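Below is one structure, written out as structure tokens; the observations come after it.
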Amino acid sequence: MWTAITREVSPALAGCELSFVPRSPIDVVLARSQHAAYCRALESLGCGVIQLPALPDYPDSVFVEDVALVFDEVAIATRPGAESRRGEGDAVHEVLGSLRPLLRIETPGTLDGGDVLCIGKRVFVGISARSNEAGRAQLRELLAPYGYTVEGVATRECLHLKSAVTQVAGDTLLVNPAWLADASPFAGYRMIEVDPEEEHAANAVRVGDAILYPDCFPKTLARLHEAGINVTTVDVSELQKAEGAVTCCSLLLRTATTA
Ligand code: CIR
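Counting along the sequence shown from 1, when you hit position 173 you're at 947 in the working numbering, and nothing is skipped either side.
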């Protein structure tokens, strides 16, 4: 029912872009084994995983979320805000083009997938250093025929909108309010706030009724359990040193079930 597109960790990961996280040594061998465990965890939640080979020339290419958006009706090749990341997406777009009609964000638009949170037919897009107004305007036009609305959400002190907020159940968001300059677009949703000591804890990948979640945020994890959320945890410490999180390592597509 679900397919996940992932990409193996680049041997050049230590040369990644960093914006809000200080550079620290990354163990690429450990990053690879953590990524493999992440893929197995996705499989355990019912995803078929399409794993693309590592790209030695693109340090951040494991973070496939940023190079494309996937909706039930259509996929969109983004134009990442960091110049070093443009060109990472080609093989991802080729796979997506075989599964969905493929549209594109064009120059001068920039858009990182990490800035895009889709809840039903509402698409929230971070107003961040990576995603600009032209990118949001293009996305609005591309998605309008499919009935989606696109709303900008101002973030602060974090890389992407999905650093600050992700969906963990039908009407429930996991949020770090300190990283949202304006939370009003999310009025009406049930909110679980991260523990104030775990500022990076708002990023979870939702697969059906479950979420995949880093194992290093015990206090927020307890809040998720209290809220009745079904959580599978993974260790992604080396990917977090590259300012990655759990959503960024996969692109999830709903795929047709056979009758
Ligand atoms: C970057 O700065 O682009 C990468 N080092 C991290 C990207 C993480 N992407 C994501 O959370 N969607």
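For each residue, glycine too, the CB sits at the ideal point set by N, CA and C. Here the structure is a predicted model, which means the values were calculated and not measured.
Under DSSP, the beta strand (DSSP E) around residue i begins and ends at which residues?
i	result
Glu967	Arg964 to Glu967
Tyr987	Ala984 to Pro988
Ala849	Ala849 to Ala851
Leu762	The question about residue 762 has no answer, for the chain in this structure spans 775 to 1033.
Ala842	Ala842 to Val844
Val979	Val979 to Val981
Thr1029	Thr1029 -> no beta strand (DSSP E), and no H or E assigned at all.
Leu783	Position check: residue 783 holds Val in this sequence, whereas Leu was assumed. Unbroken run through Val783: none, as it is neither H nor E.
Thr1007	Asn1004 to Val1008
Spatial neighbours of residue i within its chain, please: CB distance less than 8 angstroms, with the 5 preceding and 5 following residues excluded, ordered by chain position.
i	result
Asp983	Ala943 and Asn1004
Ala786	Pro830, Asp831, Tyr832 and Pro833
Arg874	Val844, Phe845, Glu847, Val848, Ala849 and Leu1027
Leu877	Val848, Ala849, Ile850, Ala851 and Leu916
Asp945	Tyr963 and Arg964
Short of 7 angstroms in beta carbon distance, which residues of its chain neighbour residue i, apart from the five on each side in sequence? Order them along the chain.
i	result
Leu917	Val897 and Val924
Val823	Ala778, Thr780, Cys813, Leu816 and Glu817
Asp840	Thr852, Pro854, Arg859, Asp886, Gly887, Gly888 and Cys1022
Ser872	none
Arg930	Trp953 and Ala955
Here's the rule: buried if 16 or more other CB atoms are within 10 angstroms of the residue's CB, otherwise exposed. What is residue i?
i	result
Ser1024	buried
Ser905	buried
Ala928	exposed
Ignore the nearest five residues each way along the sequence and tell me which others in residue i's own chain have a CB closer than 6 angstroms to its CB.
i	result
Arg781	Leu826, Ser835, Val836 and Val838
Ala1033	Residue confidence for Ala1033 is low, a pLDDT of 45 falling below 50, so the modelled location carries little weight and cannot support an answer.
Ile879	Thr852, Arg853, Leu885, Gly909 and Gln912
Ser793	Leu933
Thr1007	Tyr987 and Asp989
Val1052	The structure shown does not extend to residue 1052, since the chain is modelled only from 775 through 1033, so no value can be given for it.
With a cut-off of 8 angstroms on the beta carbons, I'd call residue i and residue j a contact; round off their distance for me.
i	j	result
Gln941	Leu933	18 angstroms between Cβ atoms; not a contact.
Glu1017	Val795	5 angstroms
Val844	Leu1026	7 angstroms
Starting from residue i, trace the alpha helix (DSSP H) in both directions and tell me its first and last residue.
i	result
Val802	Val802 to Ser818
Val869	Asp864 to Gly871
Ala996	Pro992 to Glu1000
>> In chain order, what are the residue ranges of uninterrupted alpha helix (DSSP H) at least 4 long that sit wholly in the segment 898-976?
In response: Taking only runs of at least 4 residues, the alpha helix (DSSP H) segments lying wholly in the segment 898-976 are 907-917 and 935-938.
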